[in-house]
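Enquirer:
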Amino acid sequence: MIKVLFVCLGNICRSPMAEYMFKDMVKKEGLEKDFFIDSAGTSAEETGNSMHYGTRRKLDQMNIPYGNHLARKITKQDYKDFDYIIGMEERNVINIKRIVGEDTQNKIYGLLDFTSNPRDIADPWYTGNFDKTYDDIAQGLEDFMKYLKKNVI
Ligand code: 4NP
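Under our numbering, think of the first position of the sequence shown as 4, with each following residue one higher.
1) List, from N- to C-terminal side, the beta strand (DSSP E) runs of 3 residues or more that fit wholly inside the region 89-141.
2) Going by the beta-carbon positions, is the gap between residue 44 and residue 11 smaller than 7 Å?
3) Can you give me the Cβ contacts of residue 139 inside the same chain, cut-off strictly under 6 Å, excluding the 5 residues immediately before and after it?
4) Is residue 111 a contact residue of the ligand 4NP, with contact defined as CB to any heavy atom under 6 Å?
5) Using only alpha-carbon positions, find the residue among 62, 120, 97 and 147 that is nearest to residue 87.
6) With a CB to CB cut of under 8 Å and the five nearest residues on each side skipped, what residues in its chain are close to residue 151?
7) Three or more C-beta pairs closer than 8 Å, one from the region 35-53 and one from the region 106-117: is that the case here?
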């Protein structure tokens, strides 16, 4: 079982989008039983809130199913429970380490670190551009899956 936690700031825009996109990808590849996938935020600002309308609209448009997501903040326990803790931008990675402590088991990554062009995934909370966020996440997830198939699965 590979346990993956996607992390952004608020856990209402980018990380739940990545969570449901990756769940869909894994299901389509017949690997559902091999994964546990969740998401969290580095801030408690949006705790208990559902996904941003822009994220839901984009997932609907792409026919990607999602559940009744409620935002939560990452905990120290998450570091023990998950194998891959994947931030959407460098600032998330820094804040994840601030919350869970030193990354002694090399579990913390940036999503686009798996691509040939590592960079931040822009926050649609500020940009309003959920299409660009979706495209960047799709690229990151594709290359993350390639990495897992080459090294882990
Ligand atoms: P996310 O976007 O980190 O992609 O979920 C944000 C959501 C909420 C806030 C900032 C970013 N906020 O300041 O409440």
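Virtual Cβ for every residue (Gly too), placed ideally from N, Cα, C. Just so we're clear, the structure is a prediction, and the values are computed from it rather than from any experiment.
Expert: Answer, in terms of the structure:
1) 111-113
2) yes
3) 124
4) no
5) 147
6) 5
7) no
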